[in-house]
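For the sequence shown, the positions run 1 to 201 when this note's numbering is used.
The C-beta atom is built at its ideal place from N, Cα and C for all residues, glycine as well.
Note that this is a predicted model, so its numbers are computed, not measured.
See below for the structure under consideration.
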Amino acid sequence: MISIEQMKENISIVEALEQYTHVKVTNPNRRSISVRCPFHSDGSPSMAIYPNTNTFKCFTGCNDGRVGDVIDVVRLANSVNAKEAITTLAKDFGLQNPTAEENRKLDQKRKQKKENTLAAVALNKKVIEQINNLNDLAKAIQMQMKAIKTMEELEQLGEMYHLLPQIEYWLDCLVDDSEYVKITALDEVNRLFKGLEGSES
Numbered sequence: 001m002i003s004i005e006q007m008k009e010n011i012s013i014v015e016a017l018e019q020y021t022h023v024k025v026t027n028p029n030r031r032s033i034s035v036r037c038p039f040h041s042d043g044s045p046s047m048a049i050y051p052n053t054n055t056f057k058c059f060t061g062c063n064d065g066r067v068g069d070v071i072d073v074v075r076l077a078n079s080v081n082a083k084e085a086i087t088t089l090a091k092d093f094g095l096q097n098p099t100a101e102e103n104r105k106l107d108q109k110r111k112q113k114k115e116n117t118l119a120a121v122a123l124n125k126k127v128i129e130q131i132n133n134l135n136d137l138a139k140a141i142q143m144q145m146k147a148i149k150t151m152e153e154l155e156q157l158g159e160m161y162h163l164l165p166q167i168e169y170w171l172d173c174l175v176d177d178s179e180y181v182k183i184t185a186l187d188e189v190n191r192l193f194k195g196l197e198g199s200e201s
């Protein structure tokens with residue numbers, strides 16, 4: 001029989017819910033879909049479906065309050081254990097033992113997922129570091145501005161005075177949902193600090 005992991009990869013959560021419950025999804029491309037939970041008497045939508053992760057969650061407490069997958073859908077819908085749910089899914093969706101090529105692709109997918117996770121962690125670490133650096137720089141500039149008493153002192157502060165709006169812009173970019181926006185901002189901030197280090201040496 002196909003592995004549990006491959007089963008979860010091959011059967012979408014939307015397919016499983018529509019096949020084994022009364023749930024009908026009209027907008028499957030959304031990141032989060034709210035529906036009435038089929039596993040309890042639900043007066044208003046209390047279940048969220050997450051197509052990107054192929055999971056669901058009932059916020060009223062079905063599935064012991066845990067995030068569920070396609071196996072949990074069958075287990076709850078048919079009142080069976082996990083083993084019986086797996087057998088049902090394999091039979092209903094015609095899933096057979098994976099070929100060597102399918103195993104190779106699954107291994108590649110696992111490897112890519114791991115690499116993506118590590119890259120996301122590394123990016124997040126750099127983002128936090130530069131957010132702290134930018135906040136420190138903004139505070140330093142503001143302190144220098146408060147100490148300014150003459151136009152000559154303001155001119156000495158020079159371009160640093162005009163950096164504050166740019167720092168605010170970068171801080172917004174570094175918390176943006178877009179990875180591209182974050183990376184672009186990081187490159188610009190890195191160049192800024194390298195330039196500042198060079199001017200001090």
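Exercise. Quick one, which of 134, 75 and 65 has its alpha-carbon nearest residue 188's?
Worked result: 134
Exercise. Just checking, does the stretch 170-178 make contact with the stretch 123-132 on the three C-beta pairs under 8 Å criterion?
Worked result: yes
Problem set entry | For residue 113, the first and last residue of its enclosing alpha helix (DSSP H) | Note, residue 113: alpha helix (DSSP H), 100-147.
For this session: Would you check if the stretch 9-21 and the stretch 54-74 touch, i.e. whether three or more CB-CB distances between them fall below 8 Å?
Result: Touching, yes.
For this session: Tell me whether residue 35 sits in a helix, a strand or coil according to DSSP, three-state version.
Result: strand
Exercise. If we ignore side chains and look at the alpha-carbon of each, how far apart do residue 104 and residue 110 end up?
Worked result: 10 Å
Exercise. From residue 54 to residue 35, what does the alpha carbon distance come to, in whole angstroms?
Worked result: 15 Å
Exercise. DSSP puts residue 50 in a beta bridge; with which residues?
Worked result: Paired residue(s): 55.
Exercise. When the Cα of residue 63 is compared with those of 51, 81 and 106, which residue comes out closest?
Worked result: In terms of Cα proximity to residue 63, the closest of 51, 81 and 106 is 81.
Exercise. Counting along the chain, where does the alpha helix (DSSP H) carrying residue 91 start and finish?
Worked result: 82-92
Exercise. Which of helix, strand or coil does DSSP assign to residue 65?
Worked result: Correct three-state label for residue 65: helix.
Exercise. How long is the line joining the alpha carbons of residue 137 and residue 167, rounded to whole angstroms?
Worked result: Using only the alpha carbons, I get a separation of about 9 Å.
Exercise. In the structure shown, what three-state DSSP assignment does residue 162 receive?
Worked result: Reduced to three states, the DSSP call for residue 162 is helix.
For this session: Would you please state the rounded distance, in angstroms, between the beta carbons of residue 39 and residue 76? I believe it to be under 8 Å.
Result: 5 Å
Problem set entry | Rounded straight-line distance, which links the Cα of residue 65 to that of residue 125 | 31 Å
Problem set entry | Proximity winner among 179, 48 and 74, relative to residue 93 (alpha-carbon distances) | 74
Exercise. Straight-line CA distance for residue 150 to residue 162?
Worked result: So the alpha carbons of these two residues sit roughly 17 Å apart.
Exercise. Which whole-angstrom value describes the C-beta separation of residue 106 and residue 19, a residue pair presumed to lie in contact below a C-beta threshold of 8 Å?
Worked result: Not quite, the Cβ-Cβ distance comes to about 23 Å (not below 8 Å), so this is no contact.
Exercise. Counting along the chain, where does the alpha helix (DSSP H) carrying residue 75 start and finish?
Worked result: Going by DSSP, residue 75 is part of the alpha helix (DSSP H) stretching over 70-78.
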